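For what it's worth, this note's numbering labels the leading residue of the sequence shown as 1, then goes sequentially.
Below is one structure, written out as structure tokens; the observations come after it.
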Amino acid sequence: MNRIYFYIIIFLLIGIRGLSQFSVKELFIPEKLWKVPEHNNFNDTASKYNRNYMRQSADVAIIWPKNFGLHPELLTDPTKRFNPDSILDASESFYKYYVDTLGFVEKGNSISDKYKILFVVCDDDDGTAYGGGSEENPKIGILWTPTSRISYAPYGAVAHELGHVFQTFVSTDGGVGFTSAGQSLYEMTSQYMLWQVYPTWMIFENYHVKAFEKQTYLAFLHPDNMYHSPFILEYWSEKYGKNIIGKLWKSAEKGEDVVVTYKRIQKVSQKTFNNEMFDADRHLITWDLKRIKDLARPYANQFSTKLDTLSTGWLKSDSINLPQNYGFNAIEIPKQYVVNGKVNIQFKGLSTDTNAGWRYGFVAVDQELHTTYGKTENHTKGKIKFQIPANTTHLWFVVMGAPQQHTIVNLDPPKGQKKQTFASYPYQFKLL
């Protein structure tokens, strides 16, 4: 009996790291691997990358150049130091969340059931991390990262690039994904996935929030916001459940963007979709989303829109900040325009495009960030009024670009095709 306990203890102490024979999944290393020297022999201890400089977990194997030594966590140079065990622990946590909660792959029906993800640590001058797969060997997922992106927690770059690996799994498992819809959703989704495993993302990468606050007018899926704005995906996640984003990726059909896929599987019209997007946009004024509202409190009511004043007393968004498809302007209304607890606005859409449309309405916020949403309006011309709740400290007028029909915009079309642009939706309004 004592001998049995002894062997159990030894096994637990050894674990599975570095011992592939204890692993259920296969570790496959392609002969050709980006950022690894040509003809590198992973079984040769003289090679820059070899199995002696590797640690493994159940789903991930991390390998690094031998010049970092067997224990890179002990390096004195902070620009080279990283902790493989800590990174593996984090990667396993991310992996399980992306599978079990977000549902990007189906257990038992995925290439990821058989093969581990390969994590390559690089020592070149490229400061960017990458994730995806290998065109020559699509059966495995691969991450590449310099040490500067993994030198300490939180491992946001790992969570983000692992997201790209799971997006690749959608294709290798037989799906289409959004391979024909440009890269914006890829980055937006990876940021969303990172945000799920690191709820404090808005804090430790706050520059993304600050950038978004200045660019809310840009279209949903605009590449200039693709790293800054996973917020619509969060809204959908709250509305339909954590697996909705994975479901969208797995349900996409060739030629679709995520809006087309979303409308199809949720069975919503363009009118309803516009209303939903407006509701999502105005929830961002105070970050009124259950999972992150408390963490995001410091960033509530931080939006602004530059307005031009016309001689007739009308106001309009300046030409740079015109809302594009599903983009919005958030305009704080000065207190002097509140009369007897009410505010009245006359609105006029200015576009001659027959596909143009708008959504607009009020958002009232009190000191405790309790939020009241007014009626959603969609008339090209009309008046809108709002009874302001007591104790309101911030009053916002929100205007969103709402196309009558959705148009897929490809900013990087195939050679010979004309580059497309996002439509803008000019408007003006008057405080009465």
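C-beta atoms are modelled at their ideal positions from N, C-alpha and C, and glycine is treated no differently.
Please read these numbers as outputs of a predicted model, since none were measured by experiment.
With DSSP run on the structure shown, which of helix, strand or coil describes LYS25? Correct three-state label for LYS25: coil.
Between the C-alpha atoms of PHE68 and THR392, what's the straight-line distance to the nearest angstrom? In this structure, the CA atom of PHE68 is about 58 Å from the CA atom of THR392.
Presumed contact (8 Å Cβ cut-off) between ASP125 and LYS35, rounded CB distance: Actually they do not touch by this definition, with Cβ atoms about 11 Å apart.
Should the region 337-345 be called in touch with the region 237-252, which here means at least 3 C-beta pairs below 8 Å? At 8 Å Cβ cutoff, the stretches do not touch.
Cut-off 7 Å between Cβ atoms - residues of its own chain near LYS418, not counting five sequence neighbours on either side: Hits under 7 Å: none found.
Grouping DSSP H, G and I as helix and E and B as strand, with all else coil, what is HIS208? The three-state reading of DSSP puts HIS208 in helix, counting H, G and I together.
Among the candidates LEU185, PHE166 and LYS80, whose CA atom is the shortest distance from the CA of THR437? Here the chain has residues from 1 to 432 only, and residue 437 is not among them.
Decide yes or no for the touch test of the region 209-220 against the region 171-180: beta carbon pairs closer than 8 Å, at least 3 of them. No, they do not touch.
With 16 other Cβ atoms within 10 Å as the buried cut-off, status of PRO433: Summary: the structure shown does not reach residue 433, with the chain confined to residues 1 through 432, and so no result is reported for it.
Applying the criterion that 16 or more other CB atoms from any shown protein chain within 10 Å of the CB defines a buried residue, is ASP77 buried or exposed? With fewer than 16 Cβ atoms within 10 Å of its Cβ, ASP77 is classed as exposed.
What span of residues does the beta strand (DSSP E) with HIS394 cover, start to end? It spans 392-401 - the beta strand (DSSP E) in which HIS394 sits, taken as one unbroken run.
Extent of the continuous beta strand (DSSP E) run through SER317: Going by DSSP, SER317 is part of the beta strand (DSSP E) stretching over 315-317.
Considering only their Cβ atoms, is the gap separating VAL165 from ARG111 smaller than 8 Å? One detail in the question is off: residue 111 reads as Ile in this sequence, not Arg. Cβ atoms of ILE111 and VAL165: not closer than 8 Å.
Using the three-state DSSP reduction, which class does GLU92 fall into: helix, strand or coil? Residue state for GLU92 is assigned as helix, using DSSP reduced to three classes.
Could you please give the first and the last residue of the uninterrupted beta strand (DSSP E) stretch that includes ALA61? Secondary structure note for ALA61: its beta strand (DSSP E) is the uninterrupted segment 60-63.
Residue burial classification, ILE285 (beta-carbon count within 10 angstroms, cutoff 16): Label assigned to ILE285: buried.
Can you say whether SER319 is buried or exposed, counting buried as having 16 or more other CB atoms within 10 angstroms of its CB? Label assigned to SER319: exposed.
Tell me ASP366's beta-bridge partners as DSSP assigns them. According to DSSP, ASP366 bridges with THR392.
Within this structure, are the beta carbons of LYS383 and ILE345 separated by less than 8 Å? In contact: LYS383 and ILE345 (Cβ atoms closer than 8 Å).
Can you tell me which of the three DSSP states PRO146 falls into? It is a strand residue.
Whole angstroms are fine: how far does the CA of VAL105 sit from the CA of GLN21? Legend: pLDDT at GLN21 = 41, less than 50; position of this residue unreliable, no value from coordinates given.
If you count every other CB in all the chains shown that lies within 10 Å of the CB of ALA321, and 16 or more means buried, which is it? Per the sequence presented here, residue 321 reads as Asn, with Ala not at that position. When all chains shown are included, ASN321 counts as buried.
Nearest-angstrom Cβ-Cβ length linking PHE94 and VAL176, presumed shorter than 8 Å: No, PHE94 and VAL176 are not in contact; Cβ-Cβ is about 24 Å, not under 8 Å.
Quick check on GLU106: does DSSP put it in helix, strand or coil? The answer is coil: DSSP assigns GLU106 none of H, G, I, E or B.
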